[in-house]
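Take a look at the structure below.
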Amino acid sequence: MSAARVTSTPAVTGPRGGKAASHIVRPYGDATGDGMVQLSFTLPLPHDKRAEGAAQLFASKMGMDPAMVVHAKAMGPDFTFFVVYGPVHHLVDTRDVVIVERDYPLLPPKEVNSLIKKTLHRPLVVVGACIGTDAHTVGIDAILNIKGFAGEKGLEYYTEITVVNLGAQVSVPDLVEQARVHRADAVLVSQVVTQRDAHLHNTREMSAAFREAFPADRRPLLVVGGPRFDELATAQLGVDRIFGRGTTPGEVASYLVSALVPPATPTSTTRSSTARSTSSRPATSRKKAS
Ligand code: B12
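This is the structure:
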């Protein structure tokens, strides 16, 4: 945010605050725009008054002034967990926020199926897994399993999508092999654990392995998801799309169709249909990253 924006007498509002048109916001606790924030963290100190003072000082240095320690709990003999509450004084201009806008239409399952059938002339094959040591399968299952998520059926429900769910703790070489065996059009990977950036390392390893194993025009579409990914980081991670918290199966199905199903052509021959009899089917790659 530019300094000019911060110092100009901004209208600080909540979502339905008095000045509905304002783009300048900050959090609130008791009154709109009071800047109240709650922060939690752990310090490597035994719980005592000095540790509480250290927590307060730490929060003050982050710009919370005055900072109040509202909760402190010993986490074993050498650590203390804190919740600190207080006002911050900076503002955010929502016009500075960069987000990934959905650039494809949301389609109902019927339409997804019909597009695949009419254009691809075969089922679209999706291979999914949690890779590395990650055992958090709930997220990928929410997208793939028929029961779905948030009232939407998962990809297994789609008659024209073949789902191969490999489950948890799949190694990258196994994933590449399974993608080859099943002639995957898209590989869907979930990463939930972010300790020491495991999700980033694993994703980069996965994308490098696919690039090495497949020629560019035959590489499956690489899609990664999990609650703590930055959806803007596709280029850094070498994947085609990143999905974050709250993703629904319908969004994923619609994306897959927009990325993999070429627009209908006057003739019924598509790259994929002609390649069906070959052992390594070229994935259609209309919008794939190089
Ligand atoms: C359930 C759970 C477990 C279960 C998992 C069971 C299972 N079969 O999945 C069990 C008990 C096994 C478990 C174990 C562990 N867990 Co755990 N777990 C959770 C918990 C409570 C919920 C996760 C969840 O199911 N969310 C619900 C799903 C629907 O949400 P989601 O995963 O975000 O998925 C959505 C999107 O992200 C997206 N999405 C996700 N993946 C994909 C993939 C694609 C392709 C797409 C398109 C979209 C997509 O779509 C989904 C639907 O919207 C979280 C805390 C929390 N509240 O989130 C901790 C949490 C994830 N676990 C955590 C930890 C630390 C662990 C352990 C290391 C604990 C330990 N010391 O043993 C182990 C690790 C085990 C391992 N090897 O991975 C930490 C991770 C912290 C970090 N920085 O990484 C968390 C955040 C808890 C915490 N606050 O500390 N855990």
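The opening residue of the sequence shown carries number 228 in this note's numbering; numbering runs sequentially from there.
Glycine included, each C-beta is placed from N, C-alpha and C at the ideal position.
None of these values were measured; they are calculated from a predicted model.
Residue i - containing beta strand (DSSP E), residue span
i    : result
G366 : Taken as a continuous stretch (DSSP letters only), G366 belongs to no beta strand (DSSP E), being part of the alpha helix (DSSP H) at V365 to L371.
T269 : M263 to L270
T389 : I388 to N392
G452 : L448 to G452
F308 : T307 to P314
L351 : L351 to C357
M433 : That residue, M433, is in no beta strand (DSSP E); its alpha helix (DSSP H) goes A425 to A440.
F470 : R468 to F470
S417 : A413 to S417
V339 : Run containing V339: none in the beta strand (DSSP E); it sits in the alpha helix (DSSP H), P336 to L342.
Close-in-space but distant-in-sequence residues of the same chain around residue i (CB under 8 Å, 5 per side omitted)
i    : result
H250 : D320, T321 and R322
P332 : S481 and S485
E379 : T475, P476 and G477
R277 : none
Whole-number beta carbon distance between residue j and residue i, since they are thought to touch under 8 Å
i    : j    : result
V311 : V296 : 5 Å
L402 : L415 : The Cβ separation is near 10 Å, so there is no contact.
A413 : V484 : About 10 Å separates the two Cβ atoms, so there is no contact after all.
E383 : K344 : 17 Å between Cβ atoms; not a contact.
G313 : M263 : 7 Å
Residue span of the alpha helix (DSSP H) that contains residue i, given as start and end
i    : result
D463 : Per the sequence shown, the amino acid found at residue 463 is Gln instead of Asp. Unbroken alpha helix (DSSP H) run through Q463: T461 to L464.
A286 : K276 to K288
Own chain, CB closer than 6 Å to residue i, minus 5 neighbours either side, in chain order
i    : result
Q283 : A294 and V296
T389 : P350 and V352
S267 : V310
E458 : V327, I469 and G471
P454 : R472
M291 : G313 and V315
G256 : M263
Residue j beta carbon less than 9 Å from that of residue i
i    : j    : result
F441 : P447 : yes
G355 : Q396 : no
V533 : T430 : With the chain covering only 228 through 517, there is no way to say anything about residue 533.
L449 : D424 : no
T259 : V488 : no
Cβ shell of residue i (< 7 Å), same chain only, five flanking positions each side left out
i    : result
T421 : R455
T496 : Residue placement at T496 is poorly supported in this model, since its pLDDT is 38, which falls under 50; the coordinates still yield a value, given next. There are no such residues.
A281 : L270 and L272
A286 : L266, A294, V311 and G313
V419 : D361, H363, G366, G453 and P454
P490 : none
(request) Count the C-beta pairs between the segment 370 to 378 and the segment 331 to 341 that are closer than 8 Å, then say yes if the count reaches three, no if not. (result) Cβ pair count under 8 Å is below three, so no.
(request) Evaluate contact between the segment 471 to 488 and the segment 426 to 438, counting only Cβ atoms and requiring at least three cross-stretch pairs below 8 Å. (result) The segment 471 to 488 vs the segment 426 to 438: no contact.
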